[in-house]
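I have placed the structure first, in the form of structure tokens, so that the comments after it can refer back to it.
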Amino acid sequence: MWKPSSPRPLRKGRRVMLCTQRGHASGKKRTTAHCLWVTDSNRTFSVGPAAVDNAADWMLASTLLYSDGSLHLLQARDNGEGSVISLSRLTEELSAIYSVLSTWAQKDIFFSSLSTPTAWLVAVLSGASSDDTWNDEYLCLNATVTNAAKDNDGLQVTGLESRAIWPVNTRGDKVRHLSLSHDSTLVASVTIEEAPSVNTPPLTAMLAFTETPYTMGLSCSHKKWETTFEGKTTTRSNTWEPKERIPSGTHAARQQGLCAH
Numbered sequence: 020m021w022k023p024s025s026p027r028p029l030r031k032g033r034r035v036m037l038c039t040q041r042g043h044a045s046g047k048k049r050t051t052a053h054c055l056w057v058t059d060s061n062r063t064f065s066v067g068p069a070a071v072d073n074a075a076d077w078m079l080a081s082t083l084l085y086s087d088g089s090l091h092l093l094q095a096r097d098n099g100e101g102s103v104i105s106l107s108r109l110t111e112e113l114s115a116i117y118s119v120l121s122t123w124a125q126k127d128i129f130f131s132s133l134s135t136p137t138a139w140l141v142a143v144l145s146g147a148s149s150d151d152t153w154n155d156e157y158l159c160l161n162a163t164v165t166n167a168a169k170d171n172d173g174l175q176v177t178g179l180e181s182r183a184i185w186p187v188n189t190r191g192d193k194v195r196h197l198s199l200s201h202d203s204t205l206v207a208s209v210t211i212e213e214a215p216s217v218n219t220p221p222l223t224a225m226l227a228f229t230e231t232p233y234t235m236g237l238s239c240s241h242k243k244w245e246t247t248f249e250g251k252t253t254t255r256s257n258t259w260e261p262k263e264r265i266p267s268g269t270h271a272a273r274q275q276g277l278c279a280h
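For what it's worth, the numbering used here labels the leading residue of the sequence shown as 20, then goes sequentially.
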């Protein structure tokens, strides 16, 4: 379970919250791990397992302690013969936290210099990618790539089976979690090389692993933009031209529905 607390300064004035969550150690389905996370109430980074339970030694409770530049994990365990309290120092984990906080600060400075708003900016999927992964500049959650080619500024997709999926708000042992609220904005720079023969959605957001067809998206057809929200499609006055770089985006709000920009 999450152990929330008010964000507090960890280094150089950035206020963060450290918390643990029960999960499974990578590759060990039956082994319960206490995974360590760091968040600034905006981005969330998975540090990794801070402790692992085994069949003979079950953790009853744990507490994170940070003092004088050191991070410790206080644990109460039961080995069947009685409870044991231990204190372990999380040196490598704290080093990883400092490293990712430094990256967040550097990326904020860089994107601010490009006139990109960084307040509440969760992630940026930019040019760095491999065959099946599109890297998040903030190191929090990468996108999964299928049948797409690497381009100078990102990815080139060539059809409905060519895509990049960013799995936010997901649950899984091997997936880094990243939570977004009901109010969120997705922005992408899109270049349409040629007019598609059918209605094509360059941006889509949907609920996975549910039976609810709750989908919102932005699609293009006949040089017009169309928005889809809860099954209803609306044609917009905005137009597009082939080979023109288009900054496009969708904003979803609990009360307002979907807005296109």
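Cβ coordinates follow ideal geometry from the N, Cα and C atoms, glycine included.
Quick caveat: nothing in here was measured; it's all calculated off a predicted structure.
Ranking S203, D151, S145 and Y85 by CA distance to the CA of A138 puts S203 first. In this structure, G178 sits away from G146, with a CB-CB distance that is not shorter than 8 Å. In this structure, DSSP gives T152 an extended state, which the three-state scheme calls strand. Between T63 and H53, the C-beta gap is not smaller than 8 Å, which leaves the two residues out of contact. A183 sits close to W153, with the two beta carbons spaced by under 8 Å.
Looking at A168, S149, D151 and V141, the one whose alpha-carbon comes closest to that of Y157 is V141. In the three-state DSSP reduction, T177 falls in the coil class, being neither helix nor strand. Of all alpha-carbon atoms in V209, S216, E111 and T51, the one lying nearest the alpha-carbon of D170 is that of V209.
Counting the other CB atoms within 10 Å of its CB gives T135 a total below 16, which places it among the exposed residues. When the Cα atoms are used, T219 and L160 turn out to be separated by approximately 26 Å.
Looking from the CA of H91, the closest CA among E100, E212, D97 and L37 belongs to L37.
A straight-line Cα-Cα distance of about 36 Å links V103 and N61.
At the C-beta level, L120 and A69 stay beyond 8 Å of one another. Assignment of beta-bridge partners to H53 by DSSP yields R41 and A70. Less than 8 Å separates the beta-carbon of P221 from that of A207. Considered as a whole, the segment 77-116 harbours 77-86, 89-97 and 102-108 as its complete beta strand (DSSP E) runs of no fewer than 3 residues, in chain order.
Remark: C-beta atoms of V57 and V71 do not approach each other more closely than 8 Å. Beta-carbon to beta-carbon, T165 and S181 are separated by about 7 Å, close enough to satisfy the 8 Å threshold. Between L84 and the set G99, L205, E100 and L113, the nearest pair of CA atoms involves L113.
Excluding residues up to 5 positions away in sequence, T39, H53, A70, L92, L93 and Q94 lie with their Cβ nearer than 7 Å to the Cβ of S81 in the same chain.
Taken through DSSP and simplified to helix, strand or coil, A124 comes out as helix. If you ignore the 5 residues before and after T234, its C-beta comes within less than 6 Å of the C-beta of M225, all in its own chain and listed in chain order. By the Cβ neighbour-count rule, T246 is buried, with 16 or more other Cβ atoms within 10 Å of its own.
In the displayed model, V217 falls within coil according to three-state DSSP, outside both helix and strand.
Per DSSP, L158 is not a residue of any beta strand (DSSP E), being assigned neither H nor E. V119 sits in a helix when the DSSP states are folded into three classes.
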